[in-house]
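Residue numbers (the UniProt record's numbering), protein chains in the order written: chain A, 1 to 146; chain B, 1 to 146.
From the three backbone atoms N, C-alpha and C, an ideal C-beta is built for every residue, glycine too.
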DNA sequence: CTCATAAACTTGACTACTCAAGGAACTCTC
DNA sequence: GAGAGTTCCTTGAGTAGTCAAGTTTATGAG
């Protein structure tokens, strides 16, 4: 088997393992999945803590319907609310609540810890993590779905 | 956000994009998903083209029930058959059929192509693909579920 | 031999997506 | 100002996995 195919398959396996670690940690401490956390994080980074669902979908690499479904439980537990747009009645913003923002801060600490554990010395050198990040970025997956 | 967390999130996005590319290519040409292909590939690498379902689960990073469900459509389209063990009536081997082996060979060519495209020059240097592979291997995900 | 425990597998109920279709609201052209 | 087309979002149906529970078979201890 070629290096290229081998690398691609390893990437899939590594991601599955990584997601499971994050899900276990975030789920255990905060009751959310990595996908939930990522969504909240993007919202937290957006001005005003709110985004149109369409933009959220693009930022997360999901479809619009995936976002609709992902938001349901987050709205139910009060981390996110739905806000209409004054100008355009088609758009419904997803907006972090106060609770959402507070909980996100705690989740972020957990996620940082988990990530640091994952890339801990001595297995990982100081410069290797950014190196991995730059290689992964070249693989795409950022920006709009094609 | 730390480099570590940023890198972890990039890995998730890169994998999603990669899986979509493989699914599109393999699905279009051979009617299978990347997960199907990976399963068939592992079977193909095993002696006699057959494995116990439990070992297949471990090799793929799935649960036993995931394997049961993944095999159903592959048996239905005749790429894999179920074979009992003579010694132990609990075990049911998953075994590549002749057709399965032939189709796998074609799929492998497609997968290799897709992987080469993904890591094509000039964006990717000769030495960078094995480098990425080695970084990913350090992240684990190979071997038994913990 | 018999009983307890363990291993291999399947099944039901669930989650998290996808795609395709559709409703409602906006915008553009005449 | 009326359609025609486009955008935003939701919904129904389907796929791919999870976990927990159950069945069947094997094994080891007395």
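In this structure, DSSP gives residue 19/B a helical state, which the three-state scheme calls helix. Looking from the CA of residue 119/B, the closest CA among 139/A, 113/A, 110/A and 32/A belongs to 139/A. For the 9 Å CB-CB criterion, residue 82/A and residue 64/A do not form a contact. Contact between residue 13/B and residue 66/A is ruled out by a C-beta separation of about 14 Å, above the 8 Å threshold.
Residue environment analysis places residue 100/B among the buried positions, since at least 16 neighbouring C-beta atoms fall within 10 angstroms of its C-beta. If you check each beta-carbon in the segment 123–138 of chain A against every beta-carbon of chain B, the ones closer than 8 Å belong to 123, 124, 128, 129, 130, 131, 132, 133, 135, 136, 137 and 138. In this model, residue 116/B and residue 129/B are separated by some 10 Å (Cα to Cα).
About 11 Å separates the Cβ atoms of residue 9/A and residue 112/B, ruling out a contact at the 8 Å cut-off. At least 9 Å separates the beta-carbon of residue 42/A from that of residue 29/A. Taking C-beta atoms under 8 Å as the contact rule, residue 39/A and residue 70/A qualify, at a distance of about 6 Å. The alpha-carbon of residue 45/A is positioned some 21 Å away from that of residue 23/A.
The Cβ of residue 55/B sits no closer than 9 Å to any Cβ of chain A. Remark: C-beta atoms of residue 3/B and residue 133/A approach each other more closely than 9 Å. Cβ-Cβ distances below 7 Å link residue 21/B to 114 and 118 in the same chain, with the five nearest sequence neighbours on each side left out; the list follows chain order.
Residues of chain A with a Cβ closer than 7 Å to the Cβ of residue 10/B are, in chain order, 133, 136 and 137. In chain order, 64, 67, 68, 71, 91, 92, 93 and 94 place their CB closer than 8 Å to the CB of residue 53/A, counting only its own chain and leaving out the 5 sequence neighbours on each side. Per DSSP, the continuous beta strand (DSSP E) segment holding residue 83/A begins and ends at 80–84.
Assignment of residue 87/A by DSSP, reduced to helix, strand and coil, places it in the coil class. Assignment of residue 65/A by DSSP, reduced to helix, strand and coil, places it in the helix class. Taking each of 121/B, 105/B and 51/B in turn and checking the Cα distance to residue 84/B, the smallest one comes out for 51/B. By the neighbour-count definition (other C-beta atoms within 10 Å, threshold 16), residue 80/A is a buried residue. In the displayed model, residue 139/B falls within coil according to three-state DSSP, outside both helix and strand. When the Cα atoms are used, residue 25/B and residue 121/B turn out to be separated by approximately 20 Å.
In the structure shown, residue 120/B falls within a coil segment according to DSSP collapsed to helix, strand and coil.
Among the residues facing chain B, residue 107/A is not included, as its CB has no counterpart in that chain under 9 Å away.
Its chain contains 80 as the residues whose beta carbon lies nearer than 6 Å to that of residue 74/B, once the 5 sequence neighbours on both sides are disregarded; these appear in chain order. When 8 Å is used as the limit between beta carbons, residue 61/B is near these residues of chain A: 13, 16 and 17, in chain order.
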